[in-house]
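If you read the protein sequences in the order shown, they are chains S and U. Under the UniProt record's numbering, the first residue of the first sequence is numbered 1, with each subsequent residue one higher. Under the UniProt record's numbering, the first residue of the second sequence is numbered 1, with each subsequent residue one higher. Yeah, the Cβ is synthetic: ideal placement off N, Cα and C, and Gly gets one too. Because the structure is a prediction, the values reported are computed rather than measured. Step one of this worksheet: look at the structure below.
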Amino acid sequence: MPTDLQLADSAWTDAAIKFGNSAGAIAGFLGILLAVFFAAGRAGGRFTRPLAIAVMLGPAVLLLVVGLVVPLVRTVFLSLHNDDSTRFVGGRNYGWALTTSNIQDVLLTTLLWLLVAPLVATGLGLVLALLVDRMKGQAVYKALLFMPMAISLVGASIIWKFVYEARDPSQPQVGLLSRLAIGLGWHHPPNWILSQPLNTFLLMVVMVWVQTGFAMVVLSAAIKAIPDEITEAARLDGASGFRLFRSVTVPMIRTTVVVVLTTVMITTLKAFDIVRTMTGGNFGTQVLANEMYSQSFVQSNYGRGSALAVILFLAVMPLVAYNILQLRKERAVR
Amino acid sequence: MSDVRESEAPVAVAPVTTAKAVRKSFSSPIASALVIAVTVLWTIPTLGLLVTSLRPKEDVASSGWWEAFVHPDLGLGNYHAVLFEGGFGNSAGLLPFLVNSLAISVPATVFPLVLAAMAAYALAWVRFRGSDTVFFVIFALQVVPLQMALIPLLQLFSGGAHIGSVEIIPALDLKGTYAPVWLAHTMFALPLAIFLLHNFIAQLPRDLMEAAIVDGASHFKIFRSIVLPLCAPALASFAIFQFLWVWNDLLVALTFAGGTPEVAPMTARLAQMAGSTGQRWELLTAGAFLSLIVPLAVFFALQRYFVRGLLAGSVKG
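Put into structure tokens, the structure is as follows:
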């Protein structure tokens, strides 16, 4: 068909222009840097050092101030104002978030996510790390279990949305879960995505699916790092099996377990992709990060959206702070 | 069978045998079977997506993907359809969005990588009064979730910045270009990138740096000819991490690129398609698999760098 061909033709032209823009931007960026480096490198005398600092540190600091520091202050400012930012309202947006019943539900669902998904992912990851530790060909299992971590949460959500696809029981099922349920003798399985509160847990499965491999790989590395002398000594003292695990392995990897747990918690708190892709926040599945997006960018309620962002910030901050301090401490020990 | 004999062995035998028994108990057939079962369970959903994307439209609508193993009839027709034909309330196929994903991800990896390497070098080797403070502030900025910056940054890009009625930054007409997305990704990547690269660059041998300075090399020369080549592994790890982060991102894309074929990446379009009511699973699965190919290829080809980068970057956002 000629129209089809024309369409394809214009699509390739469009692609060429876009890649041109993108390559041009990189070339321009590197070109400017090289020119500045060349010019600044020729300057001599007492300006050498200040110039080097300004040229090398300046752009990053400028971007951080404009892109993070000022917005951080501004978001707090916006959260204390009404939705079109014309009037100071004090803590009213926070009061709204904590007292409106549907936002309370959102916060409770988020809390449920925060408690369930990270614990299941870390627990399962720990069990797998212990089991896989002495297996032959463990690299293959690890790679396959870790694979979901590589793909986007949008992709993962589509994969699982298809698993949860439900048809009327009179028709052939195309979703794996419905087919399995019917195969196991449940003649009228529900429409999974619509049934509350089951659907929230089904969405959590996606997060667990993504994060378990991560937990396993990190914990497996920690288990391998336990010095052989310690395990040998414990064995000489007669510890074996579960006792060895409880009294030697667990204490030796406790820090790593906590870091993995908090890391998954951070991801869980901030992820809005799963809920957005699978239910759009409907059917009682809404979480804080997606509500923040909807309030801010769908309904343009900048005051309320900012207040939710600040709440998210306050929830995430201690977890991240703990994590980066812990990672730094480990590095210092090494 | 050897495990039967071992379970009959007395408890207090030589320690070597005990150690072997412990090893055995962890590598028992049950343990292996469990791991294999979980691995299969973990892989099936992705397999279902791949198989569905290769089946003809009629089959996808009328039977489950597992039927394809009984009646195989596979082809690439869905990929052609989803790339070049419209649908889901948009006249463009997925191709422009695929192009956008690449055109966004590459610069959004190069910009923060170069800027962060420069800043990390300056903080580590061109020390000045207050450089520790600057480093600490950047380090601490890692705790800020990007949700905290979205609204003000969007307002800045569309309306400029004012103090009272004095315009500091003019309203930039960037709508319909990649610039806001590139800029936002660059800004959000910097704290982690500077922190990681600083750790690496600060550990370069002092003698080497001092020798270069004695030879009269400027900081720019040292940066280009000593620092960049020596920290190639760290740069590679971060580049892979950042590329995949941008490729997989939905939040920044939706906020700064919207959902139009001019600038929006695959993730934004796929989320839209998944949310629409039409049940065109053959197209949605093909589209989703297209977006997975790049990360999966990177993952299987560069696994070592990939895992290292992900571990380091796991607190980002």
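Q) For U/His-162, does the three-state DSSP call read helix, strand or coil? A) If DSSP states are grouped into helix, strand and coil, U/His-162 belongs with the strands.
Q) Three or more beta-carbon pairs under 8 Å between the stretch 243-256 of chain S and the stretch 60-75 of chain S, yes or no? A) Short answer: they don't touch.
Q) Do we get a CB-CB distance below 8 Å when we pair U/Ile-168 with the residues of chain S? A) So, not an interface residue.
**Q.** Minimum Cβ-Cβ distance from S/Leu-325 to chain U less than 8 Å
**A.** S/Leu-325 does not count as touching chain U.
Q. Under a three-way DSSP split, which group does S/Thr-279 fall into?
A. DSSP places S/Thr-279 in coil when its eight states are reduced to three.
Q. Given S/Trp-96, which residues of its chain have a CB within under 8 Å of its CB, disregarding the five upstream and five downstream residues?
A. For S/Trp-96, where only same-chain residues beyond five positions count, the Cβ hits under 8 Å are Ile-103, Arg-304, Ala-307.
(Q) Tell me which residues of the stretch 159-171 of chain S have at least one Cβ-Cβ distance to chain U shorter than 9 Å, keeping chain order. (A) Those would be Ile-159, Trp-160, Lys-161, Phe-162, Val-163, Glu-165, Gln-171, in chain order.
Q) For U/Val-143, which option in S/Asp-273, S/Val-69, S/Trp-12, S/Ala-233 has the closest C-alpha, if you only look at C-alpha atoms? A) Per the Cα distances, S/Val-69.
Q: Let me know the secondary structure DSSP gives residue 335 of chain S once reduced to three states.
A: One cannot answer for residue 335 of chain S here, as it falls past the ends of chain S, which runs 1 to 334.
**Q.** C-alpha gap between S/Gly-20 and U/Glu-167, whole angstroms
**A.** Roughly 33 Å separates the two Cα atoms.
Q | Contact under 8 Å by Cβ, U/Ser-105 with U/Phe-243 | A | Their beta carbons are under 8 Å apart, which means U/Ser-105 touches U/Phe-243 by this criterion.
Q: Tell me, to the nearest whole angstrom, how far the beta carbon of S/Val-287 is from that of S/Thr-110; I am working on the premise that it is less than 8 Å.
A: S/Val-287 to S/Thr-110, Cβ: 5 Å. Contact.
Q. Could one say the Cβ of U/Leu-270 lies closer than 8 Å to chain S's Cβ atoms, at least one of them?
A. Judged by the 8 Å Cβ criterion, U/Leu-270 is in contact with chain S.
Q | Neighbour list for S/Ile-26 in chain U, Cβ cutoff strictly below 9 Å | A | For a Cβ distance threshold of 9 Å, residue set Val-106, Pro-107, Val-110, Phe-111 of chain U lies close to S/Ile-26, ordered along the chain.
Q.
Between S/Ala-15 and chain U, is the shortest Cβ-Cβ distance under 8 Å, so that the two count as touching?
A. With 8 Å as the cut-off, S/Ala-15 counts as an interface residue toward chain U.
Q: Determine whether the Cβ of S/Trp-209 lies closer than 8 Å to any Cβ atom of chain U.
A: So, interface residue.
**Q.** Contact under 8 Å by Cβ, S/Tyr-302 with U/Ile-151
**A.** Their beta carbons are under 8 Å apart, which means S/Tyr-302 touches U/Ile-151 by this criterion.
Q) Are the C-beta of U/Ile-226 and some C-beta of chain S separated by less than 8 Å? A) No, its Cβ sits nowhere closer than 8 Å to a Cβ of chain S.
Q: Show which residues of chain U have a CB atom less than 8 Å away from the CB atom of S/Gln-173.
A: Contact note: S/Gln-173 reaches chain U through Gly-64, using a C-beta cutoff of 8 Å and chain order.
(Q) Looking only at its chain, what residues have a beta carbon closer than 8 Å to the beta carbon of U/Leu-290, apart from the 5 residues adjacent to it on each side? (A) Non-local beta-carbon contacts of U/Leu-290 in its own chain, meaning distances under 8 Å to residues more than five positions away in sequence, involve Tyr-79, Val-82, Leu-83, Leu-94, Leu-98, Met-266 in chain order.
Q.
Contact criterion: CB-CB distance below 8 Å. Does U/Gln-142 meet it with respect to chain S?
A. Yes, because at least one Cβ of chain S sits closer than 8 Å to the Cβ of U/Gln-142.
**Q.** Extent of the continuous alpha helix (DSSP H) to which U/His-219 belongs
**A.** Judged by DSSP secondary structure, U/His-219 falls within the alpha helix (DSSP H) whose first and last residues are 219-222.
Q. By the criterion of Cβ-Cβ separation under 7 Å, what are the contact partners of S/Tyr-141 in chain U?
A. In chain order: Val-35, Thr-39.
Q.
Just to confirm my understanding: we take U/Gly-159, look at its own chain, exclude 5 residues before and 5 after, and list those with CB closer than 8 Å. What are they?
A. Hits under 8 Å: Ala-171.
Q. If you check the beta carbons only, do U/Val-294 and S/Ile-53 fall under 8 Å apart?
A. No.
Q | Backbone CA spacing between S/Thr-262 and S/Leu-327 [nearest angstrom] | A | The straight-line gap from Cα to Cα measures roughly 12 Å.
Q. Taking 8 Å as the CB-CB cut-off, is U/Lys-57 touching chain S?
A. So no, U/Lys-57 is outside the interface.
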